[in-house]
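Quick notes on the structure that follows.
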Amino acid sequence: MAETILILGGARSGKSRHAESLVEQAGGRLVYLATAEARDEEMRARIREHQRRRGDRWQTIEEPLDLVAALTKHAAPECAILVDCLTLWLSNLMGAGRNVDGEVANLVAALPNLDGAILFVSNEVGMGIVPENALARSFRDQAGRLNQQVAAAADRVVFVAAGLPLVLKGPPPGELDP
Amino acid sequence: MAETILILGGARSGKSRHAESLVEQAGGRLVYLATAEARDEEMRARIREHQRRRGDRWQTIEEPLDLVAALTKHAAPECAILVDCLTLWLSNLMGAGRNVDGEVANLVAALPNLDGAILFVSNEVGMGIVPENALARSFRDQAGRLNQQVAAAADRVVFVAAGLPLVLKGPPPGELDP
Amino acid sequence: MAETILILGGARSGKSRHAESLVEQAGGRLVYLATAEARDEEMRARIREHQRRRGDRWQTIEEPLDLVAALTKHAAPECAILVDCLTLWLSNLMGAGRNVDGEVANLVAALPNLDGAILFVSNEVGMGIVPENALARSFRDQAGRLNQQVAAAADRVVFVAAGLPLVLKGPPPGELDP
Numbered sequence: 093m094a095e096t097i098l099i100l101g102g103a104r105s106g107k108s109r110h111a112e113s114l115v116e117q118a119g120g121r122l123v124y125l126a127t128a129e130a131r132d133e134e135m136r137a138r139i140r141e142h143q144r145r146r147g148d149r150w151q152t153i154e155e156p157l158d159l160v161a162a163l164t165k166h167a168a169p170e171c172a173i174l175v176d177c178l179t180l181w182l183s184n185l186m187g188a189g190r191n192v193d194g195e196v197a198n199l200v201a202a203l204p205n206l207d208g209a210i211l212f213v214s215n216e217v218g219m220g221i222v223p224e225n226a227l228a229r230s231f232r233d234q235a236g237r238l239n240q241q242v243a244a245a246a247d248r249v250v251f252v253a254a255g256l257p258l259v260l261k262g263p264p265p266g267e268l269d270p
Numbered sequence: 093m094a095e096t097i098l099i100l101g102g103a104r105s106g107k108s109r110h111a112e113s114l115v116e117q118a119g120g121r122l123v124y125l126a127t128a129e130a131r132d133e134e135m136r137a138r139i140r141e142h143q144r145r146r147g148d149r150w151q152t153i154e155e156p157l158d159l160v161a162a163l164t165k166h167a168a169p170e171c172a173i174l175v176d177c178l179t180l181w182l183s184n185l186m187g188a189g190r191n192v193d194g195e196v197a198n199l200v201a202a203l204p205n206l207d208g209a210i211l212f213v214s215n216e217v218g219m220g221i222v223p224e225n226a227l228a229r230s231f232r233d234q235a236g237r238l239n240q241q242v243a244a245a246a247d248r249v250v251f252v253a254a255g256l257p258l259v260l261k262g263p264p265p266g267e268l269d270p
Numbered sequence: 093m094a095e096t097i098l099i100l101g102g103a104r105s106g107k108s109r110h111a112e113s114l115v116e117q118a119g120g121r122l123v124y125l126a127t128a129e130a131r132d133e134e135m136r137a138r139i140r141e142h143q144r145r146r147g148d149r150w151q152t153i154e155e156p157l158d159l160v161a162a163l164t165k166h167a168a169p170e171c172a173i174l175v176d177c178l179t180l181w182l183s184n185l186m187g188a189g190r191n192v193d194g195e196v197a198n199l200v201a202a203l204p205n206l207d208g209a210i211l212f213v214s215n216e217v218g219m220g221i222v223p224e225n226a227l228a229r230s231f232r233d234q235a236g237r238l239n240q241q242v243a244a245a246a247d248r249v250v251f252v253a254a255g256l257p258l259v260l261k262g263p264p265p266g267e268l269d270p
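Quick look at the structure:
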């Protein structure tokens, strides 16, 4: 069964771990699609910590930009792909000068054609004070729009705070059947 | 029926759109009360985008400061007024050197006497790191107090994230009957 | 009955007031454990406002660092202790160069052995834009991890926005029976 799930939360809210626990309860193949680019030691440490936590059941793929191509290539029945995370993907798109609105539209259009379960982890970044920096304001706006569009297309949306899930859309969190 | 609703959310959370959809399901007259002042091109672009989205059913009124007077003048049975947004109103009050506590108290006191539906859109701004700037800290504190006071007075409070509503108070979102 | 409750929310979300109202409904002794250090006038004013609001039923204790020792000393059947707040405690630990992971592990390990009701107030600080400042990023990460760990150990977790509670874990808010 094809299913699209968005897991939304703040920094260090436990959203990646919640997404992992959702798919690990199910059987099938598990793919971790990392959008992070290991540009500095802080980021490398985060990536290592995530890999250590996930263990050997997961195949890891790195794709900072061409998300739709990677999803199309790997999506399959009996497979769950965890995209971690949309917010870094957006940041990479902006850094590479890509057309963000077009890329997001392509992603949303591709979702109905993908087999298996696709889980997107994304950050809520719009609940602080308006940033003084214009680029940060633009990023905040685009991140909010991206979350809205993926949420509208998703079968299930879960907000995570302090590691605890709150269902915003769809059935309560439980076992996936990819 | 008189009803006061608070729609709370982060930046680009879809809160204005959710408020619009709530009142557009109902019949009656629709008034959009904009508190934004079109001071720069970034703000003018946002205002134009909002107007384009709302279309012709709405009458638009601009009032950056004297919110109670504008509500008293326009509120009527069979009419829904959408105030977008309280956070900019607060910012305008602070910029104009008004007595914020007094203005907020006046607003809350006026609500029970207004006919029709009044919907307030407001930003959650307190879930980021403490701002280094003292003015931003003060604004954050006052915005939080304003949200609490309007929420206490409202019949319904809805939190919006990624375009999806979560009811914090009152009946679930549905058709209004202003 | 021993019970651990985490009240999570943004700045000026009404989380302290919600925690107070939870325990004031119950009988028994009330202890307010303040982790704030009154280092400047802004902080002193906040502390005075909180004390004025709570009134005479509460015994106030100040402990910026050694939280487990203070809880162990004061926890008792028929007593509710409100720790306000974990986020300032974390800030104090980092400022004093303490081993944060160790201190948090000690706190979580101590909880099952404490009598009465223990309520922790804590800030959600991870829903804004990534801070430019490395120390702020580190603080944000540690605050998120702290919230996750206390939430996992708690019997009840409540998220507060605009003064309104949303239960993330455990039974709905109601009277405590410490």
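Protein chains in written order, with this note's numbering: chain A, 93 to 270; chain B, 93 to 270; chain C, 93 to 270.
Beta carbons are placed, not taken as given, at the ideal position from N, Cα and C, and that holds for glycine.
Treat the numbers as computed from the prediction; the structure is a model and nothing was measured.
1) Rounded to a whole number of angstroms, what is the C-alpha to C-alpha distance between residue 191 of chain A and residue 183 of chain A?
2) From this set, A:217, A:171, A:186, which residue's C-alpha is nearest residue 117 of chain A's C-alpha?
3) Name the chain C residues whose beta carbon is nearer than 7 Å to that of residue 223 of chain A?
4) Helix or strand or just coil, what does DSSP make of residue 193 of chain A?
5) Return the chain-ordered list of same chain residues with a C-beta closer than 6 Å to the C-beta of residue 213 of chain B, the five sequence neighbours on each side being excluded.
6) Expressed to the nearest angstrom, what Euclidean distance is found between the alpha-carbon atoms of residue 230 of chain B and residue 133 of chain B?
7) Quick check: the region 252-262 of chain B against the region 133-150 of chain C, are there 3 or more CB pairs under 8 Å?
8) Go ahead and pull the three-state DSSP assignment for residue 215 of chain B.
9) Quick one: which residues of the region 194-216 of chain B get their C-beta closer than 9 Å to a C-beta of chain A? List them in chain order.
10) Classify residue 126 of chain B as buried or exposed, calling it buried when 16 or more other Cβ atoms lie within 10 Å of its own Cβ.
11) Determine the DSSP secondary structure at residue 249 of chain A, reduced to helix, strand or coil.
12) For residue 206 of chain A, tell me which candidate among A:252, A:163, A:150 has the shortest Cα-Cα distance.
13) Exposed or buried, residue 227 of chain C, counting other C-beta atoms within 10 Å across all chains shown (16 or more means buried)?
14) Strictly under 8 Å for the Cβ-Cβ distance: is residue 231 of chain B near chain C by that measure?
15) Residue 270 of chain C by DSSP, collapsed to three states: which one?
16) What does DSSP give as the partner residue(s) for residue 257 of chain B in the beta ladder?
17) Could you give the C-beta distance for residue 255 of chain C and residue 137 of chain B, rounded to a whole number, given that I count them as a contact under 8 Å?
18) Express the C-alpha separation of residue 251 of chain B and residue 189 of chain C in angstroms, rounding to a whole number.
19) When Cβ atoms are compared, which residues of the region 238-261 of chain A fall closer than 7 Å to chain C?
20) For residue 225 of chain C and residue 257 of chain B, what's the separation of their Cα atoms in angstroms?
21) What did DSSP end up calling residue 133 of chain B once you bin it into helix, strand or coil?
22) To the nearest angstrom, how far is the alpha carbon of residue 105 of chain B from that of residue 168 of chain C?
23) So, is residue 156 of chain C buried or exposed, given that buried needs 16 or more other C-beta atoms within 10 angstroms?
24) Cα-Cα, which of B:209, B:152, B:194 is closest to residue 123 of chain B?
25) Does any CB atom of chain A fall closer than 8 Å to the CB of residue 106 of chain C?
26) List the endpoints of the continuous alpha helix (DSSP H) containing residue 168 of chain C.
27) Would you list the residues sitting across from residue 175 of chain B in a DSSP beta bridge?
28) I'd like to know whether the C-beta of residue 111 of chain A is nearer than 8 Å to at least one C-beta of chain C.
29) In chain order, what residues of the same chain lie with their CB nearer than 6 Å to the CB of residue 203 of chain C, ignoring the 5 residues before and after it?
30) Could you confirm whether any beta carbon from chain C is found closer than 8 Å to the beta carbon of residue 100 of chain B?
31) Can you list, in chain order, the residues of its chain whose CB lies under 6 Å from that of residue 94 of chain A, leaving out five sequence neighbours each side?
32) Give the range of the beta strand (DSSP E) segment to which residue 98 of chain A is assigned.
33) Can you have a look at residue 143 of chain C and say buried or exposed, based on whether 16 or more other CB atoms are within 10 angstroms of its CB?
34) Output the distance between the C-alpha atoms of residue 173 of chain A and residue 174 of chain B, rounded to the nearest integer angstrom.
35) In the DSSP assignment, find the alpha helix (DSSP H) that holds residue 112 of chain C and state where it starts and stops.
36) Can you tell me whether residue 198 of chain C is buried or exposed, with buried defined as 16 or more other CB within 10 angstroms of its CB?
Walking through what the data contain:
1) As a first step, residue 191 of chain A must be located in the first sequence, where it is residue number 99. As a first step, residue 183 of chain A must be located in the first sequence, where it is residue number 91. If you take the alpha carbons of residue 191 of chain A and residue 183 of chain A, they lie about 12 Å apart.
2) If you number the first sequence from 1, residue 117 of chain A lands on position 25. Nearest C-alpha to residue 117 of chain A among A:217, A:171, A:186: A:171.
3) Counting from one through the first sequence, the residue named residue 223 of chain A turns up at place 131. Result: 221.
4) Along the first sequence, read from residue 1 onward, the residue named residue 193 of chain A stands at position 101. Helix at residue 193 of chain A.
5) Here residue 213 of chain B is taken as the residue at index 121 of the second sequence, counted from 1. So the qualifying residues of the chain are 99, 107, 108, 111, 176, 177.
6) As a position in the second sequence, residue 230 of chain B is number 138, starting the count at 1. As a position in the second sequence, residue 133 of chain B is number 41, starting the count at 1. In this structure, the straight-line span from the alpha carbon of residue 230 of chain B to that of residue 133 of chain B is close to 26 Å.
7) With the rule of 3 Cβ pairs closer than 8 Å, the region 252-262 of chain B does not count as touching the region 133-150 of chain C.
8) Against the second sequence, residue 215 of chain B aligns to sequence position 123. Look at residue 215 of chain B here: in three-state DSSP terms it is strand.
9) Within the region 194-216 of chain B, the qualifying residues are 215, 216.
10) Residue numbering aside, residue 126 of chain B sits at position 34 when the second sequence is read from its first letter. With 16 or more Cβ atoms within 10 Å of its Cβ, residue 126 of chain B is classed as buried.
11) As a working mapping, residue 249 of chain A is identified with position 157 in the first sequence. Strand.
12) On the first sequence, residue 206 of chain A is found 114 positions in, with the first residue counted as 1. With respect to the C-alpha of residue 206 of chain A, the residue from A:252, A:163, A:150 having the closest C-alpha is A:163.
13) To locate residue 227 of chain C, count along the third sequence from 1; it is residue 135. So residue 227 of chain C ends up on the exposed side.
14) Start at 1 with the first residue of the second sequence, and residue 231 of chain B comes out as number 139. The beta carbon of residue 231 of chain B sits no closer than 8 Å to any beta carbon of chain C.
15) To locate residue 270 of chain C, count along the third sequence from 1; it is residue 178. In this predicted model, residue 270 of chain C has a pLDDT of only 43, less than 50, meaning its place in the structure is not dependable enough to derive any value.
16) For this step, residue 257 of chain B is matched to residue 165 along the second sequence. Per DSSP, B:252.
17) Start at 1 with the first residue of the third sequence, and residue 255 of chain C comes out as number 163. Start at 1 with the first residue of the second sequence, and residue 137 of chain B comes out as number 45. With 8 Å as the limit, residue 255 of chain C and residue 137 of chain B do not qualify as a contact, their Cβ atoms being about 34 Å apart.
18) Reading the third sequence from its first residue, position 97 is the one you call residue 189 of chain C. Reading the second sequence from its first residue, position 159 is the one you call residue 251 of chain B. Cα to Cα, residue 189 of chain C sits roughly 38 Å from residue 251 of chain B.
19) Near chain C, meaning a CB-to-CB distance below 7 Å, the residues of the region 238-261 of chain A are 253, 254, 255, 256, 258.
20) Stepping through the third sequence from its first residue, residue 225 of chain C is reached at position 133. Stepping through the second sequence from its first residue, residue 257 of chain B is reached at position 165. Each residue's Cα considered, the two are about 33 Å apart.
21) Taking the second sequence and counting its residues from 1, one reaches residue 133 of chain B at position 41. Here residue 133 of chain B carries a helix assignment [DSSP, helix/strand/coil].
22) The sequence position of residue 105 of chain B within the second sequence is 13, counting from 1. The sequence position of residue 168 of chain C within the third sequence is 76, counting from 1. For residue 105 of chain B and residue 168 of chain C, the distance between alpha carbons rounds to 44 Å.
23) Translated into positions along the third sequence, residue 156 of chain C becomes position 64. Counting of Cβ neighbours within 10 angstroms places residue 156 of chain C among the buried residues, the total reaching 16 or more.
24) Your numbering for residue 123 of chain B matches position 31 in the second sequence. The option with the nearest alpha carbon to residue 123 of chain B is B:152.
25) The count along the third sequence starts at 1 and reaches residue 106 of chain C at position 14. Contact with chain A is absent for residue 106 of chain C, since none of that chain's Cβ atoms lies less than 8 Å from the residue's Cβ.
26) Numbered from its first residue, the third sequence carries residue 168 of chain C at position 76. Residue 168 of chain C -> no alpha helix (DSSP H), and no H or E assigned at all.
27) To locate residue 175 of chain B, count along the second sequence from 1; it is residue 83. Answer is B:125, B:212, bridged to residue 175 of chain B.
28) Mapped onto the first sequence, residue 111 of chain A falls at position 19. Interface flag for residue 111 of chain A against chain C is unset, since no Cβ pair is found closer than 8 Å.
29) Here residue 203 of chain C refers to the residue found at position 111 when the third sequence is read from its first residue. Same-chain partners within the cutoff: 96, 245.
30) The residue you call residue 100 of chain B lines up with position 8 of the second sequence. Residue 100 of chain B counts as touching chain C.
31) By 1-based counting over the first sequence, the position of residue 94 of chain A is 2. For residue 94 of chain A, where only same-chain residues beyond five positions count, the Cβ hits under 6 Å are 207.
32) Looking up residue 98 of chain A in the first sequence gives position 6. Run containing residue 98 of chain A: 95-101, per the beta strand (DSSP E) assignment.
33) Taking the first residue of the third sequence as 1, we reach residue 143 of chain C at position 51. Burial check for residue 143 of chain C: the Cβ neighbour count within 10 Å stays below 16, so the residue is exposed.
34) To locate residue 173 of chain A, count along the first sequence from 1; it is residue 81. To locate residue 174 of chain B, count along the second sequence from 1; it is residue 82. About 41 Å.
35) What you label residue 112 of chain C is simply residue 20 of the third sequence in a count that begins at 1. That run of the alpha helix (DSSP H) goes 107-116.
36) Against the third sequence, residue 198 of chain C aligns to sequence position 106. Classification of residue 198 of chain C: exposed, given that the 10 Å Cβ count is below 16.
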